[in-house]
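Beneath this line is the structure, given in structure tokens, with notes to follow.
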């Protein structure tokens, strides 16, 4: 359930056959010194830099470039570019670029997954702690100068000793597992690929070996979603999963909105079927003012925004520089998507 750090796109050779780079288009809004790092990495290739909104300059560059480093996702212009072979999208979730025509064209597409992983994992625990410690009601009581106004609060149980379920074990998922272990939690993880049990995970379930996600759903006290949005993960959590969750369990979505069936989640919250939800991503963004999610019980919402890592841009640059080396050497690329990542559902999501 995660984009592997060494996956390769359809048609991208990884047998060590050397590849050349002649011209590069970059639309990333980097500082001059940061762009210099890209120039050095791609040298002696020519780097053409323009704003992502400069359609004329992009159209002209796409007539000749073989590599593009984009601020956002690729679109039809890049699919039909005659010489383009590799596109790097400078963000994590690449569901908008995981299009069937991209794979049919043989484009190699990579992203910057991992640049914000520690901050995203901490954001997930902001939700878990806020809901566990009833932060919203505590703030209300503080404003009203009320002492101990939540019945039964002293009998509540913290995160220590509970079970954390992590869905998607890429960069962010691994950080979530590490924090869960630091909080004294048992960790169950569910991912797509079959791998040995990684550090900080007690039980690993793998889709590729036909493991069911049900044990995680049924046993976890807190479920954190960090999986890419693909056709396989669209509405991965819907009514059947909410029915299997503990009535006290929390679900946290740091992945993409459509991984959760929001209508089913709303019913689960309104009926007390689950204990609460923390959402940073939504099927439609910005979240409409009339969405019932705003007023759902036991929910904490944030507007798809996380305090940034202090070296976020440098982390992106490091990935691009390393991938330039790998591309030229014909080696597997970091954060490359494959046909397993294809997403064809109609959904409104934004990049992180």
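Residue numbers (our numbering): 4 to 355.
All residues carry an ideal CB built from backbone N, CA and C; glycine is no exception.
- Contact between the region 163–175 and the region 221–241 is present: three or more C-beta pairs spanning the two stretches fall below 8 Å.
- The secondary-structure analysis by DSSP pairs residue 328 with nothing; it has no beta-bridge partner.
- Apart from sequence neighbours up to five positions away, the residues of its chain that approach residue 249 with a beta-carbon distance below 7 Å are 224, ordered along the chain.
- When DSSP reads this structure, residue 281 sits in a beta bridge with 255 and 303.
- Residue 287 carries a coil assignment under DSSP once its states are collapsed to helix, strand and coil.
- Per DSSP, the beta bridge partners of residue 114 are 92.
- Nearest in C-alpha terms to residue 336, of all of 239, 63, 89 and 213, is 89.
- Taken through DSSP and simplified to helix, strand or coil, residue 227 comes out as strand.
- For residue 202, there are no CB contacts under 6 Å within the same chain when 5 residues up- and downstream are skipped.
- Judged by pairs of C-beta atoms under 8 Å, the region 198–212 does not touch the region 237–249, as fewer than three such pairs exist.
- With contacts defined as CB atoms closer than 9 Å, residue 84 and residue 71 qualify as a contacting pair.
- Note that the region 273–283 touches the region 249–258; at least 3 beta-carbon pairs, one per stretch, sit closer than 8 Å.
- The continuous beta strand (DSSP E) containing residue 52 extends over residues 49–52.
- The C-beta distance from residue 181 to residue 192 rounds to 11 Å, too long to fall under 8 Å, and the pair is not in contact.
- Check the Cα spacing between residue 160 and each of 188, 148, 307 and 108: the tightest is with 188.
- Between residue 232 and residue 271 the beta-carbon gap is near 20 Å, outside 8 Å, which marks them as no contact.
- Taken through DSSP and simplified to helix, strand or coil, residue 240 comes out as strand.
- In the DSSP annotation of this structure, the continuous segment of the beta strand (DSSP E) that includes residue 168 starts and ends at 166–170.
- Here DSSP, grouped into helix, strand and coil, assigns residue 269 to helix.
- For residue 160, there is no enclosing alpha helix (DSSP H), as DSSP marks it with neither H nor E.
- Secondary structure at residue 105: helix, using DSSP grouped into helix, strand and coil.
- Apart from the 5 residues on each side of it in sequence, residue 300 sits with its Cβ closer than 6 Å to the Cβ of 272 in its chain, given in chain order.
- In the structure shown, residue 28 adopts extended strand secondary structure according to DSSP, grouped into three states.
- With respect to the C-alpha of residue 340, the residue from 45, 97, 163 and 48 having the closest C-alpha is 97.
- Following the DSSP letters along the chain, one finds residue 72 inside the beta strand (DSSP E) bounded by residues 70–73.
- As DSSP reads the structure, residue 190 sits in a beta bridge with 167.
- Here the alpha carbons of residue 288 and residue 52 stand approximately 29 Å from one another.
- Linking residue 150 to residue 297 through their CA atoms gives a straight-line distance of about 27 Å.
- Contact annotation: residue 21 and residue 333 have beta-carbon atoms nearer than 9 Å.
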